[in-house]
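The structure under discussion appears below in the form of structure tokens.
Printed below as a string of structure tokens:
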């Protein structure tokens with residue numbers, strides 16, 4: 038759900054880097070995805086260490102994560118021929134993540150998606166948040182958690198926890214918030230992501246993962262040939278500034294009906310549809326039929342070339358489907374590959390955009406003494 042105006046904005050993130058030149062690593066020390074962990078080692082703000090962490094399971098799957106923004110950097114899964122493919126977009130070094138503002142793989146907070154005009158009202162007090170996208174607050178503003186350093190604790194080969202301690206007034210959001218993101222790589226090739234948060238003052242929170250998937254393993258090609266299923270009968274339509282109107286729109290007989298799996302193209306460029314025109318493609322929140330049941334399939338993405346499948350399960354009421362509409366061929370990612378328009382599909386589980394200002398939707402308020410909990414499972418498989 039990003040645009041070049043929002044994903045690759047030159048927002049000028051001031052980071053103090055204290056990194057020494059490290060010796061070049063041998064081929065044996067690279068990750069399966071070809072990443073050099075040394076390229077992710079640095080110090081931010083003079084005191085916060087950043088590293089690359091590797092999760093693996095007995096099936097041979099590998100997931101690499103950096104605690105800068107809590108980002109998934111690579112996901113290696115087997116294709117229909119048993120060959121491992123990297124199925125997410127990202128960068129080869131921490132410097133690229135710092136110098137090219139993006140949401141690639143990030144753990145988003147405090148509030149995923151948009152808040153109208155960056156305004157929330159808490160107990161009668163109007164709070165002005167940063168306005169970084171068409172006058173709205175997107176993903177917590179230009180210094181959201183995707184640009185901050187999480188404390189990392191790798192518990193074992195397949196599990197790690199990231200902790201963010203966000204002070205009262207962080208981007209003007211109220212409350213001292215402690216949030217955790219736990220990545221667990223399961224035996225059956227699923228990434229089980231659990232988010233928790235507590236606060237000492239009434240606040241809002243809505244976290245998600247922002248991985249850009251290309252299941253073909255070749256992000257030099259658009260992902261518009263992927264087959265998508267979304268278990269939803271409606272979306273929350275937007276205006277020309279990507280802001281939800283507060284309405285529900287049925288997907289029946291529209292390009293947004295993925296209740297029967299279908300290829301993303303050609304509907305993604307059906308600009309005769311006003312919503313497609315506003316989003317420059319798919320960049321919308323689907324209202325899931327799963328009603329918070331983590332055991333029901335929320336969405337499924339399939340690459341016809343690799344046979345790799347991705348099933349999404351969540352306890353969230355919505356999922357934002359974004360088709361990389363504003364990638365424009367100017368950004369070089371891992372292995373020097375230039376990412377073209379619609380090189381990926383994002384599947385962001387979430388509460389609905391601008392829920393703080395829409396009382397008809399499920400609340401995103403977190404009170405002292407409560408614990409926020411959100412879960413998303415990305416389960417990979419193959420279809421031959």
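Residue numbers (our numbering): 38 to 421.
We put the CB at the ideal spot given by N, CA and C, even for glycine.
Since we're looking at a predicted model, the values are computed, not measured.
Asked, Found
"Just mark residue 167 as buried or exposed, buried being the case when its beta carbon has 16 or more other beta carbons within 10 Å.", "buried"
"What three-state label does DSSP hand residue 69 in the structure shown?", "coil"
"Please tell me whether residue 11 and residue 146 are closer than 7 Å, where the distance is taken between their beta carbons.", "What the structure shows of the chain is the stretch from 38 to 421, and residue 11 is not part of that stretch, so it cannot be assessed."
"Under three-state DSSP, which class holds residue 79?", "strand"
"When the Cβ atoms of the segment 357-375 are set against those of the segment 318-327, are three or more pairs found closer than 8 Å?", "yes"
"Buried or exposed: which applies to residue 287, given that a residue is buried once 16 or more other Cβ atoms fall within 10 Å of its Cβ?", "exposed"
"Would you mind giving the Cβ-Cβ distance between residue 322 and residue 405, rounded to the nearest angstrom? I have them listed as a contact below 8 Å.", "Not really, about 28 Å apart at Cβ, beyond 8 Å."
"Are there 16 or more other CB atoms within 10 angstroms of the CB of residue 337, so buried, or fewer, so exposed?", "buried"
"Ignore the nearest five residues each way along the sequence and tell me which others in residue 92's own chain have a CB closer than 6 Å to its CB.", "100, 195, 222"
"Would you tell me roughly how many angstroms separate the C-alpha atoms of residue 66 and residue 176, rounded to the nearest one?", "35 Å"
"So, for residue 232: in the same chain, excluding its five sequence neighbours on each side, which residues have a beta-carbon less than 6 Å away from its beta-carbon?", "218, 244, 411"
"Out of 86, 208, 345, 402, point me to the one whose CA is closest to residue 118's CA.", "345"
"Under three-state DSSP, which class holds residue 306?", "helix"
"Quick check: what's the CA-CA separation for residue 124 versus residue 357?", "19 Å"
"Any heavy atom of the ligand PLP inside 6 Å of the beta-carbon of residue 295?", "Annotation note on the ligand PLP: not contained in the displayed structure, which lists no ligands."
"Extract the residue ranges of the beta strand (DSSP E) inside the segment 147-234, only unbroken runs of 3 or more that lie entirely within it.", "156-159, 162-165, 188-193, 196-203, 214-222"
"Suppose you measure from the CA of residue 429 to the CA of residue 273; what does that come to, to the nearest Å?", "Outside the shown range of the chain (38 to 421) lies residue 429, about which nothing can therefore be said."
"Is the distance from the Cβ of residue 187 to the Cβ of residue 83 below 7 Å?", "no"
"With a CB to CB cut of under 7 Å and the five nearest residues on each side skipped, what residues in its chain are close to residue 224?", "94, 95, 96"
"So, at 7 Å on beta carbons, what are the nonlocal neighbours of residue 163 in its own chain, with the 5 sequence-adjacent residues on each side left out?", "156"
"By Cβ distance, which residues of its chain are closer than 7 Å to residue 388, with the 5 residues on each side in sequence left out?", "243, 353, 354, 355, 399, 401"
"Determine the contact status of residue 259 and residue 86, defining contact as a CB-CB distance below 7 Å.", "no"
"So what does DSSP say about residue 292, is it helix, strand or coil?", "coil"
"Need the endpoints of the beta strand (DSSP E) that residue 372 sits in, please.", "Here residue 372 belongs to no beta strand (DSSP E), and DSSP marks it neither H nor E."
"If you run the structure through DSSP and keep just helix, strand and coil, what is residue 352?", "coil"
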